[in-house]
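Residues in the sequence shown are numbered from 1 upward in steps of one, following the working numbering. Structure first, commentary second.
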Amino acid sequence: MHMKTRIALGKERQMEQAPDYEAWRIHALDLDTMNGMDVWKADPASPHYQYNLIQQRLINLRQWRKSGDWAQVVFALREGLQRNLGNLTNPELYKHTRVGTKYLIDEYLNEVVSTLNYLCDNEIPDFPYAQKLLFFRHTGQSFGRSSLMLSGGANMGMFHVGVIKALFEQNLLPRVVSGSSAGSVVAAFIGTRKDNELDGLFTGEAMDLKLWRRLGLREVVRQKSLMDGQEIERFLRKHIGELTFEEAFKRTGRIINITVSPVDKHQKPRLLNYLTAPHVLVWSAVLASCAVPGLFPAVTLMSKDRLGHEKPYLASTRWVDGAIQSDLPAQRLAELYNVNHHIVSQTNPHVLPFITNQSRKDDWTRFLTNLVKDEFKFRSRQMLQLASYGIDRGIVKNLLEGAVSIVEQRYYGDITVHPQVHMRDYQRILGNLTRAEFQEWVHEGELATWPKITMIRDQTIIGQTLEDCIIRLKKQRSSPAVPKRSGPARSKRLHAPESAAVAS
Numbered sequence: 001m002h003m004k005t006r007i008a009l010g011k012e013r014q015m016e017q018a019p020d021y022e023a024w025r026i027h028a029l030d031l032d033t034m035n036g037m038d039v040w041k042a043d044p045a046s047p048h049y050q051y052n053l054i055q056q057r058l059i060n061l062r063q064w065r066k067s068g069d070w071a072q073v074v075f076a077l078r079e080g081l082q083r084n085l086g087n088l089t090n091p092e093l094y095k096h097t098r099v100g101t102k103y104l105i106d107e108y109l110n111e112v113v114s115t116l117n118y119l120c121d122n123e124i125p126d127f128p129y130a131q132k133l134l135f136f137r138h139t140g141q142s143f144g145r146s147s148l149m150l151s152g153g154a155n156m157g158m159f160h161v162g163v164i165k166a167l168f169e170q171n172l173l174p175r176v177v178s179g180s181s182a183g184s185v186v187a188a189f190i191g192t193r194k195d196n197e198l199d200g201l202f203t204g205e206a207m208d209l210k211l212w213r214r215l216g217l218r219e220v221v222r223q224k225s226l227m228d229g230q231e232i233e234r235f236l237r238k239h240i241g242e243l244t245f246e247e248a249f250k251r252t253g254r255i256i257n258i259t260v261s262p263v264d265k266h267q268k269p270r271l272l273n274y275l276t277a278p279h280v281l282v283w284s285a286v287l288a289s290c291a292v293p294g295l296f297p298a299v300t301l302m303s304k305d306r307l308g309h310e311k312p313y314l315a316s317t318r319w320v321d322g323a324i325q326s327d328l329p330a331q332r333l334a335e336l337y338n339v340n341h342h343i344v345s346q347t348n349p350h351v352l353p354f355i356t357n358q359s360r361k362d363d364w365t366r367f368l369t370n371l372v373k374d375e376f377k378f379r380s381r382q383m384l385q386l387a388s389y390g391i392d393r394g395i396v397k398n399l400l401e402g403a404v405s406i407v408e409q410r411y412y413g414d415i416t417v418h419p420q421v422h423m424r425d426y427q428r429i430l431g432n433l434t435r436a437e438f439q440e441w442v443h444e445g446e447l448a449t450w451p452k453i454t455m456i457r458d459q460t461i462i463g464q465t466l467e468d469c470i471i472r473l474k475k476q477r478s479s480p481a482v483p484k485r486s487g488p489a490r491s492k493r494l495h496a497p498e499s500a501a502v503a504s
């Protein structure tokens with residue numbers, strides 16, 4: 001075996017065994033260097049984005065900043081700050097390397113972020129506080145927000161914990177998080193815990209991991225379900241507590257959203273959060289979102305009254321698994337929170353066979369793979385719809401309509417993270433996980449997220465900076481003095497070399 005090949009294989013093994021992102025990144029950068037990717041990164045030219053546009057905007061921003069022409073800087077940012085400016089979010093820009101992309105993109109993003117921070121934290125001539133706050137609010141509204149959406153997937157959903165751990169450790173975890181079915185469990189766990197309380201979730205030490213109990217035959221007949229709903233309710237109450245959505249938001253600042261589907265087919269699925277259902281207890285929303293028909297009984301949501309006492313919420317309505325009709329509630333998140341960018345952690349067992357890691361595939365292979373997937377979905381939808389037309393009512397009709405809804409949904413986002421599953425994973429999809437199995441899923445989530453960290457950072461850093469600036473400006477209202485800096489602040493650099501640093 002060629003020496004270079006042996007070294008590359010050794011690096012790939014070290015990446016798989018890396019204990020954290022920094023260790024993984026070192027080996028990944030070594031592989032990029034071995035493959036000559038530093039040359040590719042240094043050359044701004046690419047057919048996948050408008051590099052001339054980005055280059056010129058970078059030059060202009062630097063010139064205006066150095067000359068102190070802040071009015072022109074503000075005008076240019078307000079006019080042209082767009083998420084996909086010049087096709088910057090094109091995933092093709094991240095398929096050549098394991099870490100990073102064109103240095104020009106990194107320089108441009110760092111220039112924008114450092115300039116925004118400087119505008120926020122310093123007194124600028126003819127740019128008073130009220131005008132400054134309005135600038136950041138309008139620019140943020142125009143730019144949009146990012147969200148993390150966690151799919152269903154039973155035990156495979158513990159993969160989400162690893163995804164969240166990887167994002168949290170790199171300060172990339174969006175404030176807006178949605179979850180359905182198994183994803184709702186993880187969303188509720190992070191949405192009811194402060195940052196310093198998350199370690200117990202990441203290690204599994206804060207959980208007993210006992211939430212599954214199969215019912216006996218008599219109980220199955222009586223409850224019309226295979227699993228014990230009371231056991232999972234006990235688990236959720238213990239680990240989530242008696243917080244409402246509003247209380248969870250006030251405690252953590254995270255905006256958790258949980259999807260539930262009504263048993264009554266004439267009603268639409270609901271997205272529960274601190275705006276739409278402020279007094280609903282989070283644990284009951286999760287219980288409903290996990291109530292897969294046939295596995296768990298339908299659920300009545302619970303809420304708190306004005307005195308803090310527990311009471312039914314919409315007592316006449318029962319709810320089931322949110323993934324049936326709305327696994328990834330992108331449209332509703334856009335309406336409520338101005339979300340236009342979605343990071344998806346996808347673990348649905350019926351979806352994973354049709355999601356492949358296309359980062360290393362050529363165009364023809366990707367085209368044929370997508371063609372087969374689209375044809376399968378089209379034929380499945382036709383068959384299910386034809387079958388349902390001949391049935392007027394009953395459980396079979398409901399099951400067929402539910403299957404049509406499942407097939408028609410979109411199961412990916414702007415950035416999609418998913419596990420590489422094997423047959424053994426399907427065999428252990430139900431049942432209580434051991435501590436070791438839980439930690440395997442967490443590490444699997446980290447390994448799947450680390451290669452996408454650069455793309456996630458690049459696509460979210462401006463939006464996050466705008467949000468942070470608005471928060472800081474609101475705090476300045478009560479502050480007697482505004483801190484000053486000698487020059488624009490630098491954002492943390494991830495993949496650019498020293499030679500590519502933003503000019504001061």
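All residues carry an ideal CB built from backbone N, CA and C; glycine is no exception. Nothing here was measured: the structure is a model prediction, and the numbers come from that model.
One or two residues paired with residue i in a DSSP bridge
i	result
Thr244	Leu281
His341	Ser146
Asn257	Ser178
Trp319	Pro262, Val299
Val271	A small correction: the amino acid at residue 271 is Leu; Val does not occupy that position in the sequence shown. Paired residue(s): Thr259.
Pro293	Phe296
Pro312	Met302
Val417	Ser345
Phe127	Ile124
Closest residue to residue i among the options (Cα-Cα distance)
i	options	result
Arg550	Asp30, Gly36, Leu31, Leu85	Summary: the structure shown does not reach residue 550, with the chain confined to residues 1 through 504, and so no result is reported for it.
Ala42	Leu9, Asp106, Arg83, Trp64	Asp106
Ile453	Glu205, Ile164, Ala288	Ile164
Gln50	Asn87, Val74, Ala154	Asn87
Val417	Gly431, Glu446, Asp468, Glu242	Glu446
Glu246	Pro278, Arg13, Ala130, Asp264	Pro278
Ile461	Phe159, Pro174, Phe75	Pro174
Ala248	Ile232, Phe202, Thr192, Val161	Thr192
Asp264	Asp208, Leu201, Trp283, Pro293	Pro293
Arg234	Gly36, Trp283, Gly152	Trp283
Tyr426	Asp126, Ala154, Trp450, Thr5	Ala154
Tyr411	Val421, Gln459, Glu437, Ile355	Ile355
His48	Tyr94, Lys11, Glu16, Arg83	Tyr94
Pro353	Leu9, Val421, Gly431, Ile456	Val421
Trp450	Glu169, Gln267, Ala206	Glu169
Glu12	His27, Ser114, Glu22	His27
Pro262	Leu81, Ser289, Ile415	Ser289
Exposed unless 16 or more other CB atoms sit within 10 angstroms - verdict on residue i
i	result
Thr434	exposed
Gly253	exposed
Arg306	exposed
Ala285	buried
Phe75	exposed
Met423	exposed
Ile7	exposed
Tyr313	buried
Pro19	exposed
Leu400	The predicted model places Leu400 with a pLDDT of 48, which falls under 50 and marks its position as unreliable; any figure quoted below should be read in that light. Buried, since its Cβ has 16 or more Cβ neighbours within 10 Å.
Glu123	exposed
Val39	exposed
Val221	Caution applies to Val221, whose pLDDT of 49 falls short of 50 and renders its modelled position unreliable; the value that the coordinates give is listed next. The residue in question, Val221, is exposed, as its Cβ has fewer than 16 Cβ neighbours within 10 Å.
Ser499	Legend: pLDDT at Ser499 = 34, less than 50; position of this residue unreliable, value from coordinates given subsequently. Exposed, because fewer than 16 other Cβ atoms sit within 10 Å of the Cβ of Ser499.
Ala269	The amino acid occupying residue 269 in the given sequence is Pro; Ala does not appear at that position. Result: buried.
Arg126	First, the residue type needs correcting, since residue 126 is Asp and not Arg in the sequence shown. Label assigned to Asp126: exposed.
Ala45	exposed
Arg457	buried
Gly463	buried
Distance CB(residue i)-CB(residue j) smaller than 8 Å
i	j	result
Ile322	Thr276	The sequence shown places Gly at residue 322, rather than the Ile named in the question. Cβ distance not < 8 Å, so Gly322 and Thr276 don't count as in contact.
Arg145	Val339	yes
Ile256	Ala188	yes
Ser178	Pro419	no
Thr347	Ala448	no
Tyr103	Ile54	no
Val176	Leu150	no
Lys132	Leu473	yes
Phe272	Arg332	As written in the sequence, residue 272 is Leu, which differs from the Phe given in the question. No; because the gap between Cβ atoms is not below 8 Å, this pair is not in contact.
Met207	His160	no
Thr465	Leu116	yes
Arg83	Gln459	yes
Leu236	Leu287	yes
Ile429	Gly140	no
His350	Ser147	no
Query - Cβ contact (3+ pairs, closer than 8 Å) linking the region 26-40 and the region 92-112 - result: yes
Query raised in the report: Is the region 59-71 close to the region 431-451, with three or more CB pairs under 8 Å?
Result: no
Query raised in the report: Given 8 Å as the limit, is there contact between the region 309-320 and the region 289-300, that is, 3 or more CB pairs closer than that?
Result: yes
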